[in-house]
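If you read the sequence shown in the numbering used here, its first letter stands for residue 1036, the second for the next number, and so on. Where is the CB? At the ideal position from N, CA and C, for every residue including glycine.
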Amino acid sequence: MNNLKLAFFGFLSGYIYCFLTVTLQAAFTHLGYPVSFISTMVFALLPYSFKFLWSGFADSVDKSSIKFLISIFIILISFSFFLLILFSDLYSIVFIIMLINLAFLGACFDILTDANLIKNFTDEERSSLLSYYIFGWRIASIFAGGAVLFIFNKIFQGSLSHLFVFSSLIFLIFFIVFTVNKLSDFWKFSRENLFYFLMFLPPISLFFIVKTSLYNLKDSFSVLSDISKLFFYSTFYKLFDLTLSSFVIIFFIKKFELTLEFFGVVNTILPLLAVVFCGYAWGRMSSKFPANYIMLFSLLLKSLTLLFFIYVSFYNEINKVYLLVLFSLNIVSSSFVTYSFSNYLMQAVNSARSSFKFSILTSLSMLLILVSVPVASYLVDNYNWISFFTFIFALQVLSYISVFKIK
């Protein structure tokens, strides 16, 4: 049961992030918005970049209560999706604020699910259970970048309001599934923690951030000192993949004018098979090889993918078989990068203030994509896709260096 629940947690966590970075980008691209505007959606990810500021709240939550708090954030996210319907003007500052608040709730959900893995399971258990969590996350990325786009275009006829309602219902259904057998315990916990239910309001969220940040300030510097040797690795190992992921959907739709129907179907079926393979391969490799070997293998696989991207970008039309191979290769290589990154850091911080430490380390690369994505957007708008992938390749060199620095 733990395996299935962790996979569901991973799915919901991945859906929020991929909705912001994949689904909305593809929808805006399909609706004709320029790349420069679409790339500004990266700023909706600000809460993921700074989640370490308030992540300490998870350390103070009793491990037996974490799952109830996770359920509260599921219902908050569901309600926040519904609220986006009221602010459908994409250029409105209110819409951007509500989108950022949705990302904040998603970041809190991430913090709590990470804390659940760290607090409630041993190192031996966590290594295998993490694969279920990330498997759910990757399924969400496939769902958000595939099936949801197909539904958005064919069934919802390009309606963003319908897309928000659909996303809201997904979280509502999972909330019911998670709490139906523990309603009395959930309501008891909820009555004692009513403040959290107000966090669908951006001012309340801001108050929570400031309050928690100030509370953590007194011992933040000692925590930073403890994990300083991991800064370079956590900043650069995954930065290139995060930046690439922000543009992959735009590349396929704009460069090759793929329809959302084709993209949605292909980006559901092939990556699903790839992720199933990846989960199996990761389990076998992690039991036989040290972490740094798997990291290097992941980077080499991604380098091959990037070379294939550069090759494909020379053409305006290309055989769709090549695109299918590229879809699968990209998702497999990204999965290996994510597996190796998360597993290594969770083992490295499994001590006091573990949630706080893990959030700091996973936020560092998110901070830098606020720079790398605008730079990448400039290259696409003013030069071409070849210059963009060359930039990504240069970023990956730093990820190789980061692995050798922790050997």
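Hey, residue i and residue j are a contact pair by Cβ (cut 8 Å); roughly how many whole angstroms apart?
i       : j       : result
Ile1353 : Phe1209 : With 8 Å as the limit, Ile1353 and Phe1209 do not qualify as a contact, their Cβ atoms being about 39 Å apart.
Phe1224 : Ser1100 : 6 Å
Phe1046 : Gly1171 : 4 Å
Phe1391 : Asp1097 : That pair is no contact at about 16 Å.
Leu1331 : Val1432 : With a Cβ gap of about 13 Å, Leu1331 and Val1432 do not count as contacting.
Ile1329 : Ser1321 : 7 Å
Tyr1379 : Ala1326 : 5 Å
So residue i is in the alpha helix (DSSP H); what residue range does that whole segment cover?
i       : result
Gly1193 : Unbroken run through Gly1193: none, as it is neither H nor E.
Gly1141 : Ile1128 to Asn1155
Asn1327 : Ala1326 to Ser1348
Trp1222 : Leu1218 to Glu1227
Lys1102 : Ile1101 to Leu1118
Asn1365 : Lys1355 to Ala1383
Phe1267 : Phe1266 to Phe1271
Ser1281 : Segment: none, Ser1281 is in no alpha helix (DSSP H) and carries neither H nor E.
Ser1084 : Leu1081 to Ser1084
What would DSSP say about residue i, mapped onto helix, strand or coil?
i       : result
Glu1160 : helix
Phe1423 : helix
Leu1236 : coil
Asp1094 : coil
Val1410 : helix
Gly1067 : coil
Val1057 : helix
Phe1185 : helix
Ser1166 : helix
Tyr1231 : helix
Ser1248 : helix
Asn1351 : coil
Phe1291 : helix
Val1215 : coil
Tyr1418 : coil
Ser1322 : coil
Trp1172 : helix
Ile1441 : coil
Residue j and residue i - do their beta-carbons sit closer together than 8 Å?
i       : j       : result
Thr1056 : Ser1375 : no
Phe1235 : Leu1111 : yes
Leu1198 : Phe1187 : yes
Tyr1083 : Ala1175 : no
Phe1428 : Leu1341 : yes
Thr1373 : Ile1169 : yes
Phe1221 : Phe1103 : yes
Met1133 : Phe1122 : yes
Phe1362 : Met1381 : no
Leu1399 : Ser1260 : no
Ala1062 : Leu1195 : yes
Phe1185 : Ser1106 : no
Phe1044 : Thr1157 : no
Val1200 : Ile1120 : yes
Ser1377 : Leu1080 : no
Ser1434 : Leu1207 : no
Ser1370 : Lys1337 : no
Leu1066 : Gly1193 : yes
Ile1244 : Thr1064 : no
Ala1182 : Leu1265 : no
Tyr1167 : Asn1038 : yes
Thr1278 : Leu1430 : yes
Can a CB atom of chain D be found closer than 8 Å to the CB of residue i?
i       : result
Asn1188 : You won't find chain D in this structure, because it holds only one protein chain.
Between the stretch 1086-1101 and the stretch 1134-1151, are three or more C-beta pairs nearer than 8 Å? Yes, they touch.
Under 8 Å: do the stretch 1312-1328 and the stretch 1405-1419 share three or more Cβ pairs, one atom per stretch? no
Taking 8 Å as the cut-off, does the stretch 1345-1359 touch the stretch 1277-1291 (at least 3 CB pairs, one atom from each stretch)? yes
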